[in-house]
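Here the numbering used here is used: the first residue of the sequence shown is 562, the next is one more, and so on. All residues carry an ideal CB built from backbone N, CA and C; glycine is no exception. Some notes on the structure that comes next.
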Amino acid sequence: MIYNKLFLRYVVRNKTLVFKYSVITNEKLNGCCLIPILERNRLFHTNQNLCRQPQTLVKYMFENAKEKKKETFLEIIRTYEQDKHRRGQIEFIKLALKYMKAYGLHRDLEAYKAILNIFPKGPYIANNYYTAVFRYYPKHQDTATDVLEQMEKNRVIPDREVETILLNIFGKHADPLKKVWRMLYWMPKFKNVTPWPVPKPIPTDPKVLARLAIQKISSVDVTSVISEFETKELEEYLEDTWIISAISRIQKDLLLDHAKSRTNIPIYVEGPFKIWVADQSVDYFTLRADPIKRTKKYEDIDDVSNIKIPFWKTQEIAVEPTVHDQDDGVYFAVCATGTSSKDSAVSWIRFLQKDNPILEKIPILIKLSSSVETEIVIMNANMNLQKKINNNSVDSGKSLDKFTK
């Protein structure tokens, strides 16, 4: 029962805004239906529950679709466009943008065109100087700009059809047109700027992503060779998985130098670390040693800022460090495995020992950042694994595995 409740009706007559106040009493409520009044007039009132029902219904359609695919998404948009008394365009578009990734359409240009076509053609075009300056229908322009920003975020390049759609909706003086013109100019220029291109659509196979990640890491040395191993090829494998490994001729020479000049100094298998391939992350391991302490610092021979005359004194010749000799260590190899576990790292070392027998003479420590216990694995000359678990971890959160001859 509603008594003396004030409703503000928004009535448009002869393109003039007229505000009409009326009081709906018990007699008026019994003589007419309240729902048709709400459908015929746009009301500003405090009871928002009557306006939530259409948005809730649309949200239910997006969330509870049997198959979340492109056809279903476009069918929901067509169903909304066929409604003669449709309202809430801004809310519907924002809701559609939110569920695009769930449907796998966040990089689909056709889906973005369907969302932009929800706006009617013509009513939002500024017809004089003042309406253009004060941003005609600003919320609708901001919503269209949000659509373009999501396209830019997902690296979707608009075409001339998108420009035509926005031109018919907002006119040439609106902000969305300025945004799409900037995107049409700049995005094609930076489309192929990355030196590590990724196939489109982005692959989802972990092995393919691992190979792309290892190629990205090992591209610092053009002589790097990428190899693929299956752990079941070993006589005694710990788990069945794949390994993508990369090592170069320079790194093999660094291993030989390490065994000769740095006897009994261990090298480390560290990881897993993360690297991103497009929007997919890949875990990888590195094989490295402690940095080399040099008595003579290498100087660039092309630097002429401080020219010295070497005729009256003898200087030690500094060897130029390789690209693998960094400040934090010397890197010998890199790999990615299917499970990113300790057992797969052990299998990787055993594969490397086949091509680099010098590794059997170098102590190797495997430090995993994901394990909570310390486990020492000793590999003897007969390649038989012996495990010894030490629960009193020296460093909490790291696993320490040791290989000796």
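- Cβ atoms of Met744 and Glu713 come within 8 Å of each other, at about 6 Å.
- Comparing alpha carbon positions, the residue from Glu796, Arg810, Asp801 and Lys761 closest to Val783 is Arg810.
- When DSSP states are grouped into helix, strand and coil, Gln841 belongs to the strand group.
- Apart from the 5 residues on each side of it in sequence, Ile651 sits with its Cβ closer than 7 Å to the Cβ of Lys700, His701 and Thr704 in its chain, given in chain order.
- In the same chain as Gln711, and ignoring 5 residues on each side of it, the C-beta atoms closer than 7 Å to its own belong to Leu658, in chain order.
- Distance from the CA of Glu921 to the CA of Lys915, rounded to the nearest whole angstrom, comes to 9 Å.
- Closest in C-alpha terms to Asp736, from the list Asp707, Ile763, Pro764 and Trp757, comes Asp707.
- Taking 8 Å as the upper bound for CB-CB distance, Leu709 and Val741 are in contact here, some 6 Å apart.
- DSSP places Trp757 outside both helix and strand once states are collapsed to three, so it counts as coil.
- The three-state reading of DSSP puts Val619 in helix, counting H, G and I together.
- By the neighbour-count criterion, in which a residue is buried when 16 or more other Cβ atoms sit within 10 angstroms of its Cβ, His646 is exposed.
- Tyr685 sits in coil when the DSSP states are folded into three classes, being neither helix nor strand.
- The bridge partners DSSP lists for Tyr829 are Arg849 and Leu926.
- One Cα belongs to Leu795, the other to Pro758, and the distance between them is close to 34 Å.
- Residue environment: Arg772 is assigned as buried (16 or more neighbouring CB atoms within 10 Å of its CB, all protein chains considered).
- Distance from the Cα of Ile763 is smallest, within the candidate group Glu797, Gly732 and Asn715, for Asn715.
- When the five nearest sequence neighbours on each side are left out, the beta carbons in the same chain lying within less than 8 Å of the beta carbon of Lys674 are those of Glu722, Val723 and Ile726, in order along the chain.
- Every alpha helix (DSSP H) stretch that sits fully inside the region 695-721 and reaches 4 residues is listed by chain position as 699-714.
- Val619 counts as buried, since at least 16 other C-beta atoms from the protein chains shown sit within 10 angstroms of its C-beta.
- Comparing alpha-carbon positions, the option among Gly899, Tyr829, Arg855 and Ala894 lying closest to Lys928 turns out to be Tyr829.
- Across the structure, Thr792 and Cys896 are spaced so that their CA atoms are roughly 13 Å apart.
- Residue pairing by DSSP places Ala894 opposite Leu848 in a beta bridge.
- Counting along the chain, no beta strand (DSSP E) covers Ser905; the unbroken alpha helix (DSSP H) around it starts and ends at Lys903 to Asp916.
- Of the candidates Ala906, Tyr798, Trp803 and Lys733, the residue whose Cα lies closest to the Cα of Asp766 is Trp803.
- For Glu797, the secondary structure class from DSSP, reduced to helix, strand or coil, is coil.
- A residue is called buried once 16 or more other Cβ atoms fall within 10 Å of its Cβ, and Arg855, having fewer, is exposed.
- Rounded to the nearest whole angstrom, the C-alpha separation of Pro882 and Ala774 is 25 Å.
- Beta-bridge pairing by DSSP links Phe653 to no other residue.
- Assignment of beta-bridge partners to Ala807 by DSSP yields Ile787 and Val895.
- Secondary structure note for Ile778: its alpha helix (DSSP H) is the uninterrupted segment Pro767 to Ser779.
- Around the beta carbon of Phe731, 16 or more other beta carbons sit within 10 angstroms, so the residue counts as buried.
- By DSSP's assignment, Lys835 forms a beta bridge with Asp844.
- Boundaries of the alpha helix (DSSP H) around Asp736: Asp736 to Trp747.
- By the neighbour-count criterion, in which a residue is buried when 16 or more other Cβ atoms sit within 10 angstroms of its Cβ, Pro833 is buried.
- Taken in chain order, no unbroken stretch of beta strand (DSSP E) lies wholly in the region 633-678 with a span of 3 residues or more.
- The C-beta distance from Lys630 to Tyr664 rounds to 7 Å, short enough to fall under 8 Å.
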